[in-house]
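In what follows, a structure is listed as structure tokens, so that the remarks can point back to it.
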Amino acid sequence: MGAGLAGVTTAWELARDGHEVVVIERERQVASASSFANGGIVAASRPFPWPSPQMPGTLFRALLGNEQAIRIRPQLDPGFWLWGLKFLACCNERRHAEILRHKARLVHYSQARLGELVAQSGVDYHRLVNGVMYLYRDAAALERGWQKAEAVRALGIVLERLDPAGVAGREPGVDRSRLAGAIYAPGDEAGDSAMFCRELARRCERLGVVFRLNSEVLGLDSLDVTVKSVVTHAGRVLGDAFVCAMGVVDPRMRESLGASLPIYPVKGYSATVATARSEAMPRHAGMDESRLIAYCPLGDRIRITGGAEFAGYAKSHQPKDFARLYAAFGELFPEAADFSAARTWACQRPMTPESTPRFGTGRFINLCFNVGHGHMGWAMAAGSARITADLVSGRAPEIDLEGLRIRN
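1045 is the number of the first residue of the sequence shown in this note's numbering; add one for each residue after it.
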């Protein structure tokens, strides 16, 4: 169930394991929701959890309207407040360090699996493997960022600290006068996730995978602790084993899934723009850590993303929602982008309070979950798929799932 990054990569792994696979997706094509136009960065060097000791203050400022990158529209939905309390309970040094270890273990495994998957399948998706730039406009913020990065450097991640001249040497189109420096992660990569999904889905079909698109999941037919079929608008789909790889699960059907899924949508904004001058466009994907936007060159286009908005299940967006993205990117790369015909989009990131995904089974012994990847779905997809395929096949995953399992 689900044909985004999680669903398509899981279908690939299951098919290669010899399973007969049917993928059910409510949209008309794969990668049409959270995976459609995301930031494009596979950030193995940035597994930092959203909950942190500093986050309560950030959220309070957001409630007052004093945070540009984070917006909170208080909801009447009890699920919003329950999720928020669980999130705040993780905002301490001990939990932050624990969650960081869990996320780092998964993203490092997943990046290695992504390389293997690309080699196996031959998918083309504008992959960039020349590293990612994390740019800072303020010297104090750069110093804090470098100190924060010590936690991942201790795990063996290679990072380089660059001054403005060092950044400009790698990025000739950047306005170095705006910068205090950068942290360069040579092992991080990027690419078009939707293109990846579409290409991989075609290869899945060659392995016999059937995609039932435009088929919304309405519920499950079960007997005791076993799922018998998935109920859709187009009828029932029978199976021996089932995988839930949906993004933001409809609250009306969560209870029928037989597991606790503390997932709440966090809206993000995305604009895909044409290149104004090819020689001025970024050569690397990157993030503006001061304005909290990401950018990624994708062929002759540039993807610019940012924002974290708690607005319930609304997917709507307005032109003004993208002004901050255009301004921040335009300051850093003043001659790179043509914003006149931008393709804009908003997505719902499926976030757990810990910002970690959930794997394994709940009440139903043949329903396996691969959900809750939040803002790192691209970075976690390949590893999560292999983990899920191993669990479905009754094998032990290759990494420890401490802190990542479904909690009943």
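Think of the CB as a built atom: it goes at the ideal place given N, C-alpha and C, for glycine as much as any other residue.
Mind checking residue i: buried by the 16 CB within 10 Å criterion, or exposed?
i	result
proline 1097	exposed
glutamate 1160	exposed
leucine 1267	exposed
valine 1202	exposed
glutamate 1379	exposed
histidine 1063	buried
aspartate 1453	Outside the displayed span of the chain (1045 to 1452) sits residue 1453, for which this structure offers no information.
glutamate 1204	exposed
What are the boundary residues of the alpha helix (DSSP H) that includes residue i?
i	result
glutamate 1137	1137-1165
leucine 1435	1421-1436
arginine 1402	Run containing arginine 1402: none in the alpha helix (DSSP H); it sits in the beta strand (DSSP E), 1402-1405.
arginine 1060	1049-1060
With DSSP collapsed to three states, give me the class of residue i.
i	result
serine 1314	strand
proline 1295	helix
alanine 1449	Per the sequence presented here, residue 1449 reads as arginine, with alanine not at that position. In this structure, arginine 1449 counts as strand in the three-state DSSP scheme.
glutamate 1233	strand
serine 1079	coil
phenylalanine 1408	coil
leucine 1172	strand
methionine 1239	helix
arginine 1393	strand
The beta strand (DSSP E) that contains residue i, what's its start and end?
i	result
aspartate 1265	1261-1267
cysteine 999	Any question about residue 999 goes unanswered here, given that the chain covers just 1045 to 1452.
threonine 1270	1270-1276
glycine 1302	Unbroken run through glycine 1302: none, as it is neither H nor E.
arginine 1280	1279-1282
arginine 1256	1254-1256
phenylalanine 1092	It is not in any beta strand (DSSP E) - phenylalanine 1092 carries neither H nor E in the DSSP assignment.
valine 1066	1066-1068
valine 1287	1286-1288
Starting from the C-beta of residue i, find all residues in its chain whose C-beta is less than 8 angstroms away, skip the five residues before and the five after it, and write them out in chain order.
i	result
histidine 1140	Pro1093, Pro1095, Ser1096, Pro1097 and Cys1134
cysteine 1412	Ala1285, Phe1286, Val1287, Cys1288, Phe1403, Gly1404, Thr1405, Thr1432, Leu1435 and Val1436
glutamate 1071	Ala1047, Ala1077, Leu1257 and Asn1258
serine 1165	Trp1056, Glu1243, Leu1244 and Arg1247
arginine 1149	Ile1443 and Asp1444
leucine 1172	Glu1233, Ala1234, Gly1235, His1328, Ala1329, Cys1340 and Pro1341
valine 1415	Ala1050, Cys1288, Ala1289, Met1290, Gly1291, Val1293, Leu1305, Ile1307, Pro1394, Pro1401 and Arg1402
Within a Cβ cutoff of 7 angstroms, which residues of the same chain sit near residue i, ignoring the five residues on either side of it in sequence?
i	result
valine 1269	Arg1407, Phe1408 and Ile1409
valine 1218	Val1211, Ala1212, Leu1376 and Phe1377
leucine 1144	Pro1091, Phe1092, Pro1093 and Ala1195
tryptophan 1389	Phe1080, Ala1081 and Ser1314
isoleucine 1127	It is tryptophan, not isoleucine, that sits at residue 1127 in the sequence shown. Pro1306, Tyr1308 and Pro1397, listed in sequence order.
Using a Cβ-Cβ cutoff of less than 6 angstroms, which residues in the same chain neighbour residue i once the five nearest sequence positions on both sides are dropped?
i	result
arginine 1387	Thr1316
glutamate 1353	Arg1115 and Lys1311
phenylalanine 1255	Val1067
alanine 1318	Asp1382
arginine 1345	Thr1316
(message) Suppose only complete runs of 4+ residues qualify. What are the alpha helix (DSSP H) ranges in the stretch 1179-1229, listed by chain order?
(response) 1183-1192, 1194-1197 and 1208-1214
(message) For a minimum of 3 consecutive residues, which ranges assigned as the beta strand (DSSP E) are wholly contained in the stretch 1100-1132?
(response) 1114-1116
(message) Runs of 4 residues minimum, wholly inside the stretch 1321-1389: which ones carry the alpha helix (DSSP H) assignment?
(response) 1367-1376
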